[in-house]
Amino acid sequence: MKHALKFVMALTVTILLMLAFRALVFTVYTVRGTALEPCLVDGDRVLVNRWSYGLRTGDGRLFSYARWIGGRVGRGDLVVFNSPADTLRPVHRRETLAYYCTGVPGDTVTAENGRIVVPGKKVAIGVTPANAALIAYLYGKYEGRNARVSGGQLYVDGRRIECATFANDYYWFSSGRRSDKSDSRCFGFVPETFIIGKVIMLMYSVDGGKPVNCCLRDGRTFLLIRNP
1401 MKHALKFVMA LTVTILLMLA FRALVFTVYT VRGTALEPCL VDGDRVLVNR
1451 WSYGLRTGDG RLFSYARWIG GRVGRGDLVV FNSPADTLRP VHRRETLAYY
1501 CTGVPGDTVT AENGRIVVPG KKVAIGVTPA NAALIAYLYG KYEGRNARVS
1551 GGQLYVDGRR IECATFANDY YWFSSGRRSD KSDSRCFGFV PETFIIGKVI
1601 MLMYSVDGGK PVNCCLRDGR TFLLIRNP
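Quick note on the working numbering: the sequence shown kicks off at 1401 and runs consecutively.
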């Protein structure tokens, strides 16, 4: 009986440590779809370092958002983040996406409606009739501000704003494929609060169309992910 109890306790501690490790250090993300081909394909299991940009804590309800030992996303990083398009659930429970960062605060990127500057904490953007609606959207959705556009002018919390400043850093993500527009051309800027971590390794790959005994893909195990 004593040995059985020790075994159960050891197993419980091991499981708790594994869960803590997954939540606080590394996590495995399953690639879905073809947006990142040929670098990553459907069924790849990749290792994500949750400390790459600082460990994200707080779910916005019981505890406020925070970053432990924060760092900024770099151009070319392959990043996992929560989907901005999923608005029905809390941020930390939303679908996870993986794309390349192609725009950091202060960069100019090309969107469907023209060239725009990526907003950030240290980036002040002049308000024009062309970008007023976008800035109002970011203020209302991610910054908790009351923003509206009238006559091409931006009004925030009842005051007209000619130069916009931000409480968050934002990033622009790309699939790397011009024909695949499921990236920021679809869901727009991604705030820092949505960032989970950086993809650092391809652990293994599963071909879902094959039987279990031969579903692992050859040559796709323990490969380091490098910036393009």
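All C-beta atoms, glycine included, are put in the ideal place defined by N, C-alpha and C.
Given the structure is predicted, the values throughout are model-derived calculations rather than measurements.
Status (buried if at least 16 other CB within 10 Å, exposed otherwise) for T1502: Start at 1 with the first residue of the sequence shown, and residue 1502 comes out as number 102. The residue is buried, with at least 16 neighbouring Cβ atoms inside 10 Å.
Bridge partner(s) assigned by DSSP for D1444: Residue mapping note: residue 1444 aligns to position 44 of the sequence shown, counting from 1. According to the DSSP secondary-structure assignment, D1444 is paired through a beta bridge with S1605.
N1613, DSSP secondary structure in three states: The residue you call residue 1613 lines up with position 213 of the sequence shown. Reduced to three states, the DSSP call for N1613 is helix.
Helix, strand or coil at C1439 [DSSP, three-state]: Counting from one through the sequence shown, the residue named residue 1439 turns up at place 39. DSSP places C1439 in coil when its eight states are reduced to three.
Runs of beta strand (DSSP E) wholly within the region 1468-1519 (minimum 3 residues, chain order): As for any beta strand (DSSP E) of minimum length 3 sitting wholly inside the region 1468-1519, the runs are 1478-1482, 1496-1503, 1508-1511, 1514-1517, ordered along the chain.
Sequence-distant residues of the same chain with beta carbon closer than 8 Å to D1486, five excluded per side: Taking the first residue of the sequence shown as position 1, residue 1486 is located at position 86. Around D1486: R1494, E1495.
First and last residue of the uninterrupted alpha helix (DSSP H) at F1594: Taking the sequence shown and counting its residues from 1, the one referred to as residue 1594 is at position 194. Careful: F1594 lies outside any alpha helix (DSSP H) and carries neither H nor E.
Runs of alpha helix (DSSP H) lying entirely within the region 1536-1592, each at least 4 residues, in chain order: Counting whole runs of 4 or more residues, the region 1536-1592 contains the alpha helix (DSSP H) stretches 1584-1587.
Neighbourhood of G1348 by C-beta, 8 Å cutoff - its chain only, sequence neighbours within 5 removed: Since the first residue shown for the chain is 1401 and the last is 1628, residue 1348 is missing from the structure and cannot be characterised.
Proximity to R1626 [Cα-Cα], best of W1468, F1589, Y1500, G1443: Working through the sequence shown from its first residue, we reach residue 1626 at position 226. It is Y1500.
Extent of the continuous beta strand (DSSP E) to which V1428 belongs: Position 28 of the sequence shown, counted from the first residue, corresponds to residue 1428. Residues 1426-1430.
Pairwise C-alpha distance: V1431 and V1599: Here the question's residue 1599 lines up with position 199 in the sequence shown. Here the question's residue 1431 lines up with position 31 in the sequence shown. Between the alpha carbons of V1599 and V1431 lies a distance of about 11 Å.
Own chain, CB closer than 6 Å to W1468, minus 5 neighbours either side, in chain order: Your numbering for residue 1468 matches position 68 in the sequence shown. These residues qualify, in order along the chain: G1454, L1455.
Nearest candidate by alpha-carbon position, reference N1449, set F1426, L1616, A1530: Here residue 1449 corresponds to residue number 49 of the sequence shown, with the count starting at 1. Scanning F1426, L1616, A1530 for the CA closest to the CA of N1449 turns up F1426.
Contact check, G1576 vs L1436, beta carbons under 8 Å: Position 176 of the sequence shown, counting from 1, holds the residue named residue 1576. Position 36 of the sequence shown, counting from 1, holds the residue named residue 1436. Yes. Within cutoff.
Candidates A1530, K1610, F1622, of which the one nearest M1603 by Cα: For the purposes of this step, residue 1603 is taken as residue 203 along the sequence shown, with counting starting at 1. M1603 has its Cα closest to that of F1622, out of A1530, K1610, F1622.
Nearest-angstrom beta carbon gap, V1590 and F1573 [assumed within contact, 8 Å]: Along the sequence shown, read from residue 1 onward, the residue named residue 1573 stands at position 173. Along the sequence shown, read from residue 1 onward, the residue named residue 1590 stands at position 190. Contact flag correct, Cβ pair sits at about 6 Å.
Same chain, Cβ closer than 8 Å to D1583, five either side skipped, listed in chain order: The sequence position of residue 1583 within the sequence shown is 183, counting from 1. Only residues of its own chain outside the window of five on either side were considered, and among them A1435, Y1499, F1573, S1574, S1575 have a CB closer than 8 Å to the CB of D1583, listed in chain order.
Beta-carbon contacts of R1617 that lie in its chain and below 6 Å, excluding the five residues immediately before and after: In the sequence shown, the residue the question calls residue 1617 occupies position 217. Setting aside the 5 residues that flank it on each side, R1617 is surrounded in the same chain by S1605, D1607, each with a C-beta closer than 6 Å to its C-beta; the list follows chain order.
Anticipated Cβ contact below 8 Å, N1568 with T1528, distance rounded: Counting from one through the sequence shown, the residue named residue 1568 turns up at place 168. Counting from one through the sequence shown, the residue named residue 1528 turns up at place 128. The C-beta distance from N1568 to T1528 rounds to 21 Å, too long to fall under 8 Å, and the pair is not in contact.
C-alpha distance - L1538 paired with C1586, whole-angstrom precision: Position 138 of the sequence shown, counted from the first residue, corresponds to residue 1538. Position 186 of the sequence shown, counted from the first residue, corresponds to residue 1586. So the alpha carbons of these two residues sit roughly 15 Å apart.
Alpha-carbon spacing of G1609 relative to R1489, whole angstroms: Here residue 1609 refers to the residue found at position 209 when the sequence shown is read from its first residue. Here residue 1489 refers to the residue found at position 89 when the sequence shown is read from its first residue. G1609 and R1489: Cα-Cα distance of roughly 31 Å.
Opposing strand residues paired with R1456 [DSSP bridges]: Start at 1 with the first residue of the sequence shown, and residue 1456 comes out as number 56. DSSP lists R1467 as the bridge partner or partners of R1456.
Local Cβ density within 10 Å of V1428, reported as buried at 16 or more and exposed below that: Here the question's residue 1428 lines up with position 28 in the sequence shown. The C-beta of V1428 has fewer than 16 other C-beta atoms within 10 Å across all chains shown, which makes the residue exposed.
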